[in-house]
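Chains as they are written, first to last, in the working numbering: chain R, 2 to 118; chain W, 107 to 446.
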């Protein structure tokens, strides 16, 4: 996973990859797994696994995450292809929404007798 | 998106159609990778695109009042609302893209006049009270239309609509609040609110589309689970909710025939001027040309921002490439960050 601010974790992963001989599981990229529980629902992140390619990642995800029919569709995405916000930056990053309470319907006073608003 | 090649052999369309019809009958949801009839796909693309266009063209009549909002509070609220409409447009264009079309393609069709947006936005917002009337009536009608689409048979459209409906309720309330304040203000303010409602009432009723008898595509959309209620049913629902709200506002609706039918419990209303509706749809509304001209100009004026972002991204990617060549290693994310 690429972190916007702090890529420490990913750096560690790169180092271990370089040290391990190829074609062992240590060399396999990490895949994030998303499962659609049933039709009509969004895919939801359920976890991750290592696999040498997308095909095997999907098949292994099926075996690991949908053994009990937990899903009807699976997405796998290379963890290194995901860019994420950093926990340290959370507050300043999301702050701009904090003082805009008027985006919520409860901000407005509506007379009690007005229905369906 | 890349998908796994199926190992099973080819399946013929008739079999796929049976499976599609079964899912529709079971109230299941159709998802992007499912087989679907071409006509179903085309109908969805047209409807979702038209819906998306309505959201972004709808920014214009209200955006018109941002610089002249009567207080900082009203201004902040109006900016937030117009920003929401842009967001709604994005949710919907994204839903359309799951059907294999491209957003820029759809915008070309809009600018070329080959795809439509809701005709209501071809009316002008003449006074501040219009911002209230648009929120109360236009967003109110839109909510009535959109709530059933949260159960649409096409998953991505239904999910986009859940988000949109949640956000719309603030829009309607802020409109109601504006009108309530004006209506209980000075006689001039009250008259301004009444004038806005007088002008927006009938176009709002037209938003539900032609009467059922003249709406040839409705039956197919209902059969496919895209549409859940007929135009006239939704219009009636809107009238029944809105008339009592007008009484709370202390404003009248410009329809002498409007009255509660004790037997059915519904309000009956006078005839709608469908000639006006078709005239405006055909392009002869007060603001049709202005809306599209403005949209084209806004797209052209904003082009440099998109170009600059693309140039920056390309330069950034170039630097990463050079670093990885120098180190002979996979790109290091730390170096990526350090790259100027």
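Quick reminder that beta carbons are idealized off the backbone N, C-alpha and C, glycines included.
As the structure is a prediction and not an experimental result, all values here were calculated from the model.
So residue i and residue j are supposed to be a Cβ contact under 8 angstroms. How far apart are they, rounded?
i, j, result
"residue 278 of chain W", "residue 246 of chain W", "5 angstroms"
"residue 349 of chain W", "residue 364 of chain W", "7 angstroms"
"residue 244 of chain W", "residue 226 of chain W", "6 angstroms"
"residue 264 of chain W", "residue 135 of chain W", "7 angstroms"
"residue 288 of chain W", "residue 238 of chain W", "7 angstroms"
"residue 361 of chain W", "residue 371 of chain W", "Going by Cβ atoms, the distance from residue 361 of chain W to residue 371 of chain W rounds to 18 angstroms, so no, they are not a contact pair."
"residue 236 of chain W", "residue 302 of chain W", "5 angstroms"
Could you compute how far the alpha carbon of residue i sits from the alpha carbon of residue j?
i, j, result
"residue 22 of chain R", "residue 29 of chain R", "At residue 22 of chain R the pLDDT is 47, less than 50, meaning the model places this residue with poor confidence; the figure from the coordinates comes in the next sentence. Cα to Cα, residue 22 of chain R sits roughly 11 angstroms from residue 29 of chain R."
"residue 38 of chain R", "residue 73 of chain R", "6 angstroms"
"residue 159 of chain W", "residue 214 of chain W", "11 angstroms"
"residue 35 of chain R", "residue 75 of chain R", "6 angstroms"
"residue 354 of chain W", "residue 373 of chain W", "16 angstroms"
"residue 332 of chain W", "residue 345 of chain W", "23 angstroms"
"residue 271 of chain W", "residue 305 of chain W", "25 angstroms"
"residue 229 of chain W", "residue 400 of chain W", "14 angstroms"
"residue 330 of chain W", "residue 309 of chain W", "28 angstroms"
"residue 427 of chain W", "residue 396 of chain W", "46 angstroms"
"residue 339 of chain W", "residue 347 of chain W", "13 angstroms"
"residue 207 of chain W", "residue 390 of chain W", "29 angstroms"
"residue 69 of chain W", "residue 44 of chain R", "One cannot answer for residue 69 of chain W here, as it falls past the ends of chain W, which runs 107 to 446."
"residue 109 of chain R", "residue 250 of chain W", "20 angstroms"
"residue 283 of chain W", "residue 240 of chain W", "12 angstroms"
"residue 408 of chain W", "residue 414 of chain W", "10 angstroms"
"residue 424 of chain W", "residue 256 of chain W", "44 angstroms"
"residue 188 of chain W", "residue 61 of chain R", "45 angstroms"
"residue 151 of chain W", "residue 406 of chain W", "25 angstroms"
"residue 111 of chain R", "residue 100 of chain R", "21 angstroms"
"residue 169 of chain W", "residue 46 of chain R", "38 angstroms"
Give the DSSP-derived three-state secondary structure of residue i in the structure shown.
i, result
"residue 71 of chain W", "For residue 71 of chain W there is no data in the structure shown, the boundaries of chain W being 107 and 446."
"residue 426 of chain W", "helix"
"residue 98 of chain R", "helix"
"residue 76 of chain R", "strand"
"residue 366 of chain W", "strand"
"residue 49 of chain R", "strand"
"residue 42 of chain R", "coil"
"residue 302 of chain W", "helix"
"residue 207 of chain W", "coil"
"residue 85 of chain R", "strand"
"residue 332 of chain W", "coil"
"residue 215 of chain W", "helix"
"residue 136 of chain W", "strand"
"residue 22 of chain R", "Caution applies to residue 22 of chain R, whose pLDDT of 47 falls short of 50 and renders its modelled position unreliable; the value that the coordinates give is listed next. Coil, per DSSP."
"residue 418 of chain W", "helix"
"residue 242 of chain W", "helix"
"residue 124 of chain W", "helix"
"residue 32 of chain R", "strand"
"residue 412 of chain W", "helix"
"residue 374 of chain W", "strand"
"residue 109 of chain R", "coil"
"residue 279 of chain W", "helix"
"residue 260 of chain W", "strand"
"residue 68 of chain R", "coil"
"residue 37 of chain R", "strand"
If you count every other CB in all the chains shown that lies within 10 Å of the CB of residue i, and 16 or more means buried, which is it?
i, result
"residue 451 of chain W", "There is no way to answer for residue 451 of chain W, as the model of chain W reaches only from 107 to 446."
"residue 107 of chain R", "exposed"
"residue 194 of chain W", "buried"
"residue 165 of chain W", "buried"
"residue 231 of chain W", "buried"
"residue 447 of chain W", "Limits of chain W in this structure are 107 at one end and 446 at the other, which puts residue 447 of chain W out of reach."
"residue 421 of chain W", "exposed"
"residue 299 of chain W", "buried"
"residue 107 of chain W", "exposed"
"residue 261 of chain W", "buried"
"residue 319 of chain W", "exposed"
"residue 379 of chain W", "exposed"
"residue 56 of chain R", "exposed"
"residue 210 of chain W", "exposed"
With distances taken between CB atoms, is the gap from residue i to residue j smaller than 8 angstroms?
i, j, result
"residue 78 of chain R", "residue 59 of chain R", "no"
"residue 202 of chain W", "residue 162 of chain W", "no"
"residue 66 of chain R", "residue 41 of chain R", "no"
"residue 341 of chain W", "residue 311 of chain W", "yes"
"residue 190 of chain W", "residue 273 of chain W", "yes"
"residue 186 of chain W", "residue 104 of chain R", "yes"
"residue 171 of chain W", "residue 234 of chain W", "yes"
"residue 198 of chain W", "residue 154 of chain W", "yes"
"residue 149 of chain W", "residue 275 of chain W", "no"
"residue 86 of chain R", "residue 94 of chain R", "yes"
"residue 337 of chain W", "residue 315 of chain W", "yes"
"residue 123 of chain W", "residue 138 of chain W", "no"
"residue 114 of chain R", "residue 80 of chain R", "no"
Does the ligand NAP have even one heavy atom less than 7 angstroms from the beta-carbon of residue i?
i, result
"residue 197 of chain W", "Annotation note on the ligand NAP: not contained in the displayed structure, which lists no ligands."
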